[in-house]
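Protein chains in written order, with our numbering: chain A, 16 to 260; chain B, 41 to 460. What follows is a single structure, written as C-alpha cells, with notes after it.
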Ligand code: SF4
C-alpha cells in the first residue's frame with residue numbers, strides 16, 4: 016500500500032495521477048490525502064507539476080471526454096476527502112476510456128459520478144431558477160447562492176442565451192461574479208457588493224410575473240409538497256415569484 | 041382593460057392545457073438577438089399545484105364565437121372576456137424572457153371573429169417576436185381549426201412547435217360536441233404540417249439555409265371521457281397519429297364537466313385514473329416498442345384499473361419470462377416490469393465490464409419488488425415464478441408487487457383542453 020500526499024489543488028491531484036500513470040502503479044494499492052503538515056503524517060508528498068497535470072488532463076479529454084466532463088463537475092462540487100476515489104477514477108478512465116462511466120459496480124466510479132451528477136443537476140436547475148432584475152442603467156443582475164461552484168458553466172450558458180443584454184451573475188456566498196458586456200464574458204471576485212438601484216418598470220414586471228405565477232396554478236389542486244420537492248425552499252430567497260412586493 | 045386583468049383572465053383560461061413541454065428544439069438564435077432553445081427543456085418554476093412552469097402560457101383571447109359543449113369559453117357561457125393585442129403579448133414575452141422567468145411562449149386562442157382573423161393575429165405575434173425582437177426562444181402556436189393553409193404554413197416558419205387539437209377521439213363525437221369544428225378542419229392542417237415538416241427536413245439536408253418548419257414537431261390533444269370511445273380505439277388513433285402523421289406527442293386530458301349540457305355524460309369525478317393509464321400505454325408505444333394491438337384487443341378494449349399496462353401485459357404473457365439479466369437483449373429487458381429505460385441501458389452498459397450480480401441490480405436502479413417475479417440473474421431465480429396467474433395477480437394487488445396496485449387515484453396531470 017502506498018500513501019500519497021498532495022497540496023490540495025486540482026493541479027496537485029492531477030500531478031499525482033500523472034505520476035502513477037508514468038510508474039504504472041496500481042490505483043487499488045494507493046491512497047491520497049491532502050497534506051496537513053502535521054508531525055505524524057506519513058506518506059509520500061508529490062510536488063505539484065503544472066505541466067504534467069496539464070498533459071494528463073488533455074490526455075483525459077482526448078481519450079475519455081465523458082470522464083473529463085465528470086471530473087470537471089466533480090471539481091465544481093468542491094467536495095473534500097474523496098481524493099482516493101478520484102485518483103482511482105482518473106486512472107480507470109485512461110485505461111477504459113469513456114466506458115468507465117458505465118462501470119457502476121465499482122464503488123469509486125459510482126461515488127465520483129454521484130457527486131458530479133449533483134453538481135450537474137444543480138447547474139441544470141439554475142438554468143431555470145436564476146432570476147434577473149433590470150437595473151436603472153439597463154443592465155440585468157442575478158444573485159444566487161448555489162451549493163456547488165457553478166458560476167462558470169452557468170455564465171457560459173447565459174452568454175449564448177441573453178446575448179443582446181448586459182448582465183451580471185453574482186454568487187453571494189463565494190463573492191464571485193460573472194459579467195457579460197458587449198459580447199465578452201469576464202469572471203472575477205467582488206469584495207464589496209452594494210445593491211444597485213432597479214429600473215423604473217422593474218417592480219411592475221415582477222408583479223405581472225407574480226400574477227401569472229398565481230393564476231396558472233389550478234386552484235383546487237394545490238400541492239405545496241410537490242412544489243417544494245421540485246423547488247426546495249433554500250432556493251426561494253432569490254425567486255421573484257416568492258417575494259413580497 | 042389593464043394588462044394585469046387581461047393576464048389574469050387569459051392565463052387562467054390557459055391553465056388547463058396539457059402540453060407544457062419546451063424540449064425537442066435547438067435554435068441557436070441570431071448573433072445579436074435574445075434567446076435560444078435547449079434540447080432537454082427547462083423548468084423555470086413550479087406553481088402551487090406542483091406543476092412545472094416553462095412557458096408563458098396564455099390565450100390571445102377567450103372571446104369565442106363557437107359553442108363547444110365541453111368548454112368554459114363557449115359563446116353561451118357568461119364569463120369575463122378579454123383579448124390581447126399582438127404587441128402586448130410580444131412585450132410580456134420579451135420582458136419575462138430577459139429575466140429568465142420562461143423558456144418562451146405558448147399561445148392559443150378562442151375563435152374571435154373568424155378562424156383566419158384569429159390565426160392571423162397569432163401568427164403576427166410570432167412574426168414580431170422573430171423578426172423585430174430577434175427572439176430565439178421557444179414558441180408554440182396552436183392552430184385554430186379551419187384557418188387557411190397559408191396561415192398554417194406561416195405559423196410553422198416562426199414557431200418551434202405547432203399543434204392542432206384533435207379534441208375528441210372520433211368524428212361522430214366531434215359532430216355532436218363541437219359542431220362548428222369539422223373533422224376536415226382539424227385533419228387538413230395536421231397533414232399539411234406533417235408534410236411541411238418532412239419537406240423542410242429534406243431541404244435542410246441539401247442546404248442548411250433552407251427554412252426550418254416547426255423543428256420541435258407537432259403534437260395534439262384529446263379529451264377522454266366526454267364521449268363513448270374505448271381505450272383501444274383511442275390508442276389505435278394515437279398510434280396512427282404517431283406513425284402516419286409523424287406526431288411527436290399526443291396529450292390526453294380527462295374530461296372535467298364545466299357546463300350543464302345533456303350531450304355530455306354525468307361523471308362523479310373526472311376519469312383521472314383512466315387518463316393516467318392512457319399516458320402509461322402511450323409511453324409504452326413511444327419508447328418501449330409496444331403496439332396498440334399488444335396492449336389491448338377487441339376482447340379487452342379497456343386498460344385495467346388495477347395494473348399499469350406493462351404489468352398487465354407481463355401477466356398475460358408468462359411464456360415470455362423469466363428474462364435472463366446477463367443475456368437478454370435491450371428490447372427484452374424493457375418488457376420486464378420494474379426495469380425502465382435507464383436501468384435497461386445501464387444493465388447493457390455494465391455487462392461489458394462484468395457479470396451482473398443480484399446485489400448490483402438494485403444499485404442500477406431496478407425495482408426488485410416488481411422485477412423479481414420476471415427475471416433470473418445468471419440462472420438464479422429470486423422468487424419462484426408462479427405460473428398461476430391468479431396468485432401472482434393477487435400478490436401485486438396486495439402491494440407486494442410495488443406501486444402498480446393503485447391505492448390512491450393519481451393526481452390529474454392536466455385538465456381538459458377547454459379551448460382550441
Ligand atoms: S373549445 Fe375553443 S372553439 Fe370551442 S368554445 Fe372553447 S374556445 Fe371556442
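From the three backbone atoms N, C-alpha and C, an ideal C-beta is built for every residue, glycine too.
Query - Best match in B/343, B/418, B/250 and B/142 for proximity to residue 228 of chain A [C-alpha to C-alpha] - result: B/142
Query - Distance between beta carbons of residue 383 of chain B and residue 404 of chain B, contact taken as under 8 Å - result: 5 Å
Query raised in the report: Mind checking whether residue 396 of chain B and residue 389 of chain B have CB atoms under 8 Å apart?
Result: no
Query raised in the report: Does residue 149 of chain B have its Cβ less than 8 Å from a Cβ in chain A?
Result: no
Query - Segments of 3+ residues assigned as beta strand (DSSP E) that fall wholly inside the stretch 92-127 of chain A - result: none
Query raised in the report: How should residue 460 of chain B be labelled, buried or exposed, when 16 other C-beta atoms within 10 angstroms of its C-beta is the threshold for buried?
Result: Interpretation of residue 460 of chain B is limited by its pLDDT of 33, a score under 50 that renders its predicted location unreliable; no figure is taken from the coordinates.
**Report entry** Cβ distance (whole Å) where residue 150 of chain A is taken to contact residue 247 of chain A below 8 Å
**Finding:** Their Cβ separation, rounded to whole angstroms, is 28 Å, which puts residue 150 of chain A and residue 247 of chain A out of contact at 8 Å.
Query raised in the report: beta strand (DSSP E) containing residue 137 of chain B: first to last residue?
Result: No beta strand (DSSP E) contains residue 137 of chain B, which is instead part of the alpha helix (DSSP H) from 126-138.
Query raised in the report: Which term fits residue 399 of chain B, buried or exposed, when burial requires 16 or more other beta carbons within 10 angstroms of its beta carbon?
Result: exposed
Query raised in the report: Going by Cα to Cα distance, which pick from B/166, B/173, B/193 and B/190 is closest to residue 180 of chain B?
Result: B/166
Query raised in the report: What do you get for residue 153 of chain A, buried or exposed, if any count of 16 or more other CB atoms within 10 angstroms of its CB means buried?
Result: exposed
Query raised in the report: Helix, strand or coil: which one does DSSP assign to residue 306 of chain B?
Result: coil
Query - Within 9 Å of chain B by C-beta, residues of the stretch 142-172 of chain A in sequence order - result: 142, 143, 144, 145, 146, 147, 148, 149, 155, 157 and 172
**Report entry** Nonlocal neighbours in the same chain, by C-beta distance under 8 Å from residue 192 of chain A, ignoring five residues either side
**Finding:** 166, 183, 184, 185, 186, 202, 203, 204 and 205
**Report entry** Interface positions of the stretch 70-93 of chain B facing chain A (Cβ-Cβ less than 9 Å), listed along the chain
**Finding:** 70, 71, 72, 73, 74, 75, 76, 78, 80, 82, 83, 84, 85, 86, 87, 88, 89, 90, 91, 92 and 93
Query raised in the report: Which of helix, strand or coil does DSSP assign to residue 63 of chain A?
Result: coil
Requested in this report: Quick one: measure Cβ to Cβ for residue 74 of chain B and residue 223 of chain A, integer angstroms, because I've assumed they're closer than 8 Å.
Outcome: That belief does not hold up - the Cβ atoms of residue 74 of chain B and residue 223 of chain A are roughly 18 Å apart, past 8 Å.
Report task. List the endpoints of the continuous alpha helix (DSSP H) containing residue 167 of chain B. Result -> 155-167
Query raised in the report: Can you tell me whether DSSP reads residue 246 of chain B as helix, strand or coil?
Result: helix
Report task. Closer than 8 Å by C-beta to residue 116 of chain A: which residues in its own chain qualify, once you throw out the five before and the five after it? Chain order, please. Result -> 81, 82, 85, 124 and 128
Query raised in the report: Is there at least one Cβ from chain A nearer than 8 Å to residue 384 of chain B's Cβ?
Result: no
Query - Counted within 10 angstroms of its Cβ, other Cβ atoms place residue 60 of chain B as buried (16 or more) or exposed - result: With a pLDDT of 45 at residue 60 of chain B, under the threshold of 50, the predicted position of this residue should be treated as unreliable, though the coordinate-derived value follows. Buried, by the Cβ-count rule.
Query raised in the report: Apart from the five residues on each side of it in sequence, which residues of its chain come closer than 6 Å, Cβ to Cβ, to residue 342 of chain B?
Result: 270 and 271
Query raised in the report: Within 8 Å (strictly less), CB to CB, does residue 392 of chain B reach chain A?
Result: yes
Requested in this report: Spell out whether any CB of chain A is found under 8 Å from the CB atom of residue 335 of chain B.
Outcome: no
**Report entry** Positions along the stretch 212-226 of chain A whose CB lies within less than 7 Å of some CB in chain B
**Finding:** 220, 223, 224 and 226
Query - Anticipated Cβ contact below 8 Å, residue 163 of chain A with residue 180 of chain A, distance rounded - result: About 25 Å; that fails the 8 Å criterion.
Query raised in the report: Which of helix, strand or coil does DSSP assign to residue 389 of chain B?
Result: helix
Requested in this report: Could you tell me whether any Cβ in chain A is nearer than 8 Å to the Cβ of residue 274 of chain B?
Outcome: no
Report task. State yes or no: is the C-beta of residue 122 of chain B nearer than 7 Å to some heavy atom of the ligand SF4? Result -> no
Query raised in the report: If you run the structure through DSSP and keep just helix, strand and coil, what is residue 78 of chain A?
Result: helix
Requested in this report: Could you tell me whether the stretch 124-144 of chain B touches the stretch 43-52 of chain B, where touching means 3 or more Cβ pairs closer than 8 Å?
Outcome: yes
Query raised in the report: What in chain B is Cβ-close to residue 112 of chain A, meaning under 7 Å?
Result: The premise fails here: residue 112 of chain A is roughly 12 Å from chain B at the closest Cβ pair, so nothing lies under 7 Å.
Report task. Return the Cβ separation of residue 140 of chain B and residue 147 of chain A in integer angstroms, given the expectation that the two are a contact with Cβ distance under 8 Å. Result -> 5 Å
**Report entry** Residues near residue 221 of chain A by beta carbon distance below 7 Å, same chain, minus five either side
**Finding:** 255 and 260
Query raised in the report: Start and end of the beta strand (DSSP E) containing residue 45 of chain B?
Result: Premise fails: residue 45 of chain B lies in the alpha helix (DSSP H), 43-52, not in any beta strand (DSSP E).
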